[in-house]
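S.K.:
Number of protein chains: 2
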Amino acid sequence: MRTPDTETSKRAVTQSDVARHLGVSRTLVSFAMRGAPGVSEDMRRQILSAADALGYRRNIQAADLARKRPTAVGLHLVDLHNDVYADIFSGVQEVLRSNDSRLVISVNATPYGPDPRALDPLFEAQVGVIIAATLLDPGERVRELNRRVPLVNVTRSVPGVDSIHSDDISGGRLATGHLLDLGHRNIAHLCGPAFEGHLERRTGYRETMLEHGLQPLIIEAAGFSREDAAAVALKLLASPPGQRPSAIFAHSDELALGVREAAASLGLSIPGDLSLVGYDNSRVAGLHGIDLTTVDLHARELGRAAGQAAVERMLYPASPAVDRILAPTLVTRASTAPLH
Amino acid sequence: MRTPDTETSKRAVTQSDVARHLGVSRTLVSFAMRGAPGVSEDMRRQILSAADALGYRRNIQAADLARKRPTAVGLHLVDLHNDVYADIFSGVQEVLRSNDSRLVISVNATPYGPDPRALDPLFEAQVGVIIAATLLDPGERVRELNRRVPLVNVTRSVPGVDSIHSDDISGGRLATGHLLDLGHRNIAHLCGPAFEGHLERRTGYRETMLEHGLQPLIIEAAGFSREDAAAVALKLLASPPGQRPSAIFAHSDELALGVREAAASLGLSIPGDLSLVGYDNSRVAGLHGIDLTTVDLHARELGRAAGQAAVERMLYPASPAVDRILAPTLVTRASTAPLH
DNA sequence: CTGAAAGCGCTAACAT
DNA sequence: ATGTTAGCGCTTTCAG
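Those sequence lines, one after another, are chains S and P. Numbering-wise (the numbering used here), the first sequence opens with residue 16 and increments by one. Numbering-wise (the numbering used here), the second sequence opens with residue 16 and increments by one.
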C-alpha cells in the first residue's frame with residue numbers, strides 16, 4: 016500500500032500527493048495543472064484525473080507567491096446596498112471572467128466617507144491593480160495610492176490615474192435642462208457633502224442655471240443616504256408654494272428617494288407639487304409607483320470598461336493613464352411634469 | 016550606504032528589508048508585525064515605524080501559507096442586486112471585523128441556479144470555512160461540499176451542516192394568516208422554481224390554507240426575477256374578478272415587485288383589487304409608493320449569526336452542526352387591505 | 001529577548 | 001518529454 020488514505024485527513028491534497036500517487040515528479044504535475052506545454056497529452060489526462068480522484072485543489076496563494084508577480088485584480092466598492100455598485104461589479108466580473116483573472120473584493124466598512132484603510136485588504140492580497148468604485152479621498156491621496164498599486168478609478172476622474180467615468184457635467188446639464196424645458200425656474204440641486212472630484216453634477220447644474228439667468232440653489236445633505244436627504248428636503252419644502260422650489264434635481268437616486276419621502280410626509284405630490292430628477296437609473300427608479308426621472312450613467316458598462324482597463328494596466332504598467340468618459344442619458348419618467 | 020532606495024523599485028518591501036534596515040533578524044520583525052509576545056516594547060515601536068517608513072505591506076498569501084492552517088472565511092453570495100444579500104454581507108462583515116478574520120467573497124456569475132463552480136474560488140483561496148448564501152443544490156451535494164470545507168448555510172437548513180435561517184414555515188403562515196384575517200379566501204402563492212430546502216414558505220402557506228378548508232393555489236415562476244414573476248402574474252390576474260385571486264403571497268419581495276408591475280399593466284390597483292404580501296423586507300418594500308406588506312427575515316441578523324457560527328466552526332471543527340432558527344416578523348403596510 | 005533554520009505548496013529556470 | 005533545484009515571503013520551533 017503506497018498511498019495512505021488522505022480522504023479523511025485534515026491536510027489538503029497537494030501536487031506532491033498527486034505526483035507520488037502516479038510516480039512522477041511534482042514539476043510535471045504543476046505543468047499539467049496549468050496547461051503548460053511540455054507534457055504529453057496522455058500524461059496530462061492521467062494527472063488531471065488522478066488529481067480529481069484525490070480531491071486536489073490548487074492553492075492559489077502558493078501559486079501566486081511562487082509566480083512572483085501579482086496576478087489578481089482588486090475591486091473596492093463603497094456600498095453594496097446601492098445597486099449602482101452591484102452593476103459595476105457585474106460589469107467587472109463579466110470582463111474578468113473571460114480573462115480568467117482572479118477578483119478580490121473589498122467593501123467599505125462605513126460607506127460614504129474616505130476610509131484610509133479601505134484598500135488595505137487589497138494591498139495585503141497582493142493584487143496587481145485595484146478597481147476603485149468609489150474613492151472619496153483627495154486627488155493627491157489617490158495619486159499616492161496609485162503609486163503603490165495601479166488604480167482604476169470608477170465614477171471619477173483623477174488626472175494621472177486611470178479613470179472610467181460618466182460625463183457628470185453633461186449629466187447635470189441634462190437633468191437641469193429637462194426641468195427648464197418643462198417650464199421650471201425655481202430649481203434646487205440637492206447633493207451630498209462636497210468631495211474633490213465629485214462636484215461635476217452640481218457644476219453642470221450651476222452652469223445651466225446661470226446660462227438661463229437663474230439663481231442656482233445648492234443644498235448639501237449631511238451624507239449620501241436617503242435619510243440625510245429627507246432631513247434637508249423637509250426644511251427646503253416646508254415653505255409656502257411660491258417660495259419653495261417647484262423642482263429638485265438630486266445628486267443620486269438614493270437622495271431623490273429621500274426627497275420623495277419628505278414630500279410625502281408634507282403632503283406634497285410628485286409631480287403635481289414638485290418635479291424630481293434623480294441620478295443613476297438604479298433599478299428602483301423604474302418601479303411602478305416610483306417612476307423616477309433620472310440620468311442613466313450606465314453603471315454596468317462602466318464596470319466593463321473598468322475591467323478592461325484593469326486588464327490592460329496589468330499588461331502594460333507603464334502606458335499612459337486612460338480617461339474614459341461615457342455619455343449619460345436622460346430617462347424621462349413620471350416624476351417630472353410641466354410647471355402648473 | 017547600506018540600503019538602496021527601494022521606493023522606486025517594483026519589488027514589494029518585505030520583512031527582510033525591514034530587518035536589514037534595522038540590523039535585526041527577520042524573525043523579530045515577524046513577531047513584531049503580528050503583535051506576538053517576545054519583543055521589547057521599544058523594539059516593536061522601532062520596527063513598526065521603520066516598516067511604515069519603508070512602505071512595508073504584509074503579504075497574507077505568504078503568511079497563510081506559512082501558518083499552515085486556513086485562516087480566512089469565505090462568503091458566497093448568489094446575487095448582489097438583492098439587498099437581502101447586501102444585508103447578510105453587512106452582518107457577516109460586522110462580526111468578522113471584530114474578530115479580525117479575513118473575508119474572501121465570491122458571487123455567482125449567473126444568479127439563481129445551482130452553479131457547480133460557485134465555491135471554487137473559495138476553495139482555491141484556502142478558506143477555513145464557507146458561509147453560503149444561498150446554495151440551491153440538493154442537500155446531498157451540500158453535505159458533500161461540507162466534507163471538503165465546513166459550510167455555514169444561510170437562509171436554508173441542511174441536516175448535518177451548520178445552518179442559519181429564518182423559520183420560513185412560520186413566515187409562510189404569518190403571511191397567509193394575515194390575508195385570511197383580512198377576509199381573503201382566494202389566495203394564491205407565487206414562488207420560483209422548486210429547490211430542495213427552499214420549500215418551507217409554500218409549506219406554511221399550504222398548511223394554513225388547508226387548515227381553513229381552503230384550496231391552495233401555488234404558481235411557480237420560471238425564475239426568481241421580477242420579470243419572471245410578472246410573466247406568470249399576468250396570466251393569473253387576467254381572469255375576471257370572481258375567478259382570479261383577491262390576494263397573492265409572493266415568495267420574495269423581488270417576485271412581489273413583479274406582481275405589482277403585472278397588476279399595474281392590467282389596470283388593477285393594490286390593495287383595491289389585489290392584496291399583496293412579499294417576503295424579505297428589503298429596503299424597497301418600505302418606500303413610499305411601494306408600501307409592501309412583507310415578512311421580515313432579519314437578514315442582517317442572519318449575517319451576524321452566520322459570522323458567529325463561522326468563527327466557532329473554525330475554532331471547533333468537530334463540534335456538532337448547529338441549526339439556528341430566527342423568528343420572522345410580519346411588517347404590515349399598505350399593499351394589503353380587507354376584502355371588498 | 002533574539003536569531004538560525006526548516007518548511008508551507010507552488011513555479012520556473014535549468015538540466016537531462 | 002520529464003526531473004532537479006532553488007526560491008517566493010512568511011511563520012514557527014528550537015537554541016542561544
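Ideal Cβ positions, reconstructed from N, Cα and C, are used throughout, including at glycine.
1) I believe residue 285/P touches residue 278/P by the beta-carbon criterion, under 8 Å. Please report the beta-carbon distance rounded to the nearest angstrom.
2) With a Cβ-Cβ cutoff of 9 Å, do residue 164/P and residue 317/P count as a contact?
3) Fully enclosed by the region 67–116 of chain S, which beta strand (DSSP E) runs are 3 residues long or longer?
4) How long is the line joining the alpha carbons of residue 271/S and residue 68/S, rounded to whole angstroms?
5) Got a sec: is the Cβ-Cβ distance from residue 138/S to anything in chain P below 9 Å?
6) Are the region 299–319 of chain P and the region 225–240 of chain P in contact at 8 Å, needing three or more beta carbon pairs?
7) Who are the Cβ neighbours of residue 313/P in its own chain at under 6 Å, not counting the five residues just before and after it?
8) Give a yes or no on whether the minimum CB-CB distance between residue 304/P and chain S is below 9 Å.
9) Examine the Cβ distances between the region 180–192 of chain S and the region 249–257 of chain S and report whether three or more of them are shorter than 8 Å.
10) Residues of chain P with CB closer than 8 Å to the CB of residue 7/S, please, in chain order.
11) Quick check: is the beta carbon of residue 100/P nearer than 9 Å to any beta carbon in chain S?
12) Give me the subset of the region 315–347 of chain P whose CB atoms are less than 9 Å from a CB atom of chain S, sorted by chain position.
13) For residue 22/S, which of helix, strand or coil comes out of DSSP?
14) Run through DSSP, which three-state label would residue 342/P get?
15) Taking Cβ-Cβ distances below 8 Å as the criterion, which residues of the region 67–94 of chain S are in contact with chain P?
16) With a Cβ-Cβ cutoff of 9 Å, do residue 353/S and residue 310/S count as a contact?
17) Select from 98/P, 50/P, 326/P, 349/P the residue whose C-alpha is nearest the C-alpha of residue 287/P.
18) To the nearest angstrom, report how far apart residue 16/S and residue 132/P are at their CA atoms.
19) Using a Cβ cut-off of 9 Å (strictly closer), state whether residue 105/S contacts chain P.
20) Along chain P, which residues have their Cβ under 7 Å away from the Cβ of residue 156/S?
21) Report back the beta-carbon spacing between residue 8/P and residue 177/P to the nearest angstrom; my notes put them in contact at under 8 Å.
22) What residues of chain S sit near residue 279/P, judged by a beta carbon separation below 9 Å?
23) How many angstroms separate the CA atom of residue 95/P from the CA atom of residue 268/S?
24) What are the start and end residues of the alpha helix (DSSP H) that includes residue 233/S?
25) Using a Cβ cut-off of 9 Å (strictly closer), state whether residue 56/P contacts chain S.
26) Out of 57/S, 321/S, 335/S, point me to the one whose CA is closest to residue 181/S's CA.
27) Mind checking residue 356/P: buried by the 16 CB within 10 Å criterion, or exposed?
28) Using a Cβ-Cβ cut-off of less than 9 Å, give me the residues of the region 256–272 of chain P that come near chain S, in sequence order.
29) Quick one: which chain P residues come within Cβ less than 7 Å of residue 112/S?
30) Should the region 59–73 of chain S be regarded as contacting the region 73–84 of chain P, the criterion being three or more beta carbon pairs within less than 8 Å?
31) Under 9 Å, do residue 123/P and residue 160/P count as touching if we go by C-beta distance?
32) For residue 204/S, which residues of its own chain have a beta-carbon under 6 Å away from its beta-carbon, when the five flanking residues on both sides are left out?
33) Along chain S, which residues have their Cβ under 8 Å away from the Cβ of residue 299/P?
34) How many Å lie between residue 307/S and residue 294/P at the Cα?
35) Would residue 215/P pass as an interface residue toward chain S - the criterion being a Cβ-Cβ separation below 9 Å?
36) Taking the straight line between their C-alpha atoms, what separation do you get for residue 106/P and residue 113/P?
M.R.: For this structure:
1) 6 Å
2) no
3) Every unbroken stretch of the beta strand (DSSP E) spanning 3 or more residues and falling wholly within the region 67–116 of chain S is given here in chain order: 88–92.
4) 56 Å
5) yes
6) no
7) 341
8) yes
9) no
10) For chain S, the structure presents residues 16 to 355; residue 7/S sits outside this window and is missing.
11) yes
12) 332
13) Confidence at residue 22/S is low in this model, with a pLDDT of 34, below 50, so the placement of that residue is unreliable and no value is reported for it.
14) It is coil, neither helix nor strand.
15) 70, 72, 73, 74, 75, 76, 77, 79, 80
16) Remark: C-beta atoms of residue 353/S and residue 310/S do not approach each other more closely than 9 Å.
17) The residue with the shortest Cα to Cα distance from residue 287/P is 349/P.
18) Below a pLDDT of 50, predicted positions are generally treated as unreliable, and residue 16/S, at 29, falls in that range; no measurement from the model is reported.
19) yes
20) In chain order: nothing, as chain P lies at least about 15 Å away.
21) Because chain P spans 16 through 355 in this model, residue 8/P falls outside it and cannot be assessed.
22) Here the neighbours are 303, 304.
23) 18 Å
24) Segment 232–235 is the beta strand (DSSP E) holding residue 233/S; no alpha helix (DSSP H) there.
25) no
26) Of all alpha-carbon atoms in 57/S, 321/S, 335/S, the one lying nearest the alpha-carbon of residue 181/S is that of 321/S.
27) Within the shown structure, residues of chain P are numbered from 16 to 355, placing residue 356/P beyond reach of any answer.
28) 272
29) 124
30) no
31) no
32) 217, 220, 233, 264
33) 299, 302
34) 24 Å
35) So no, residue 215/P is outside the interface.
36) 11 Å
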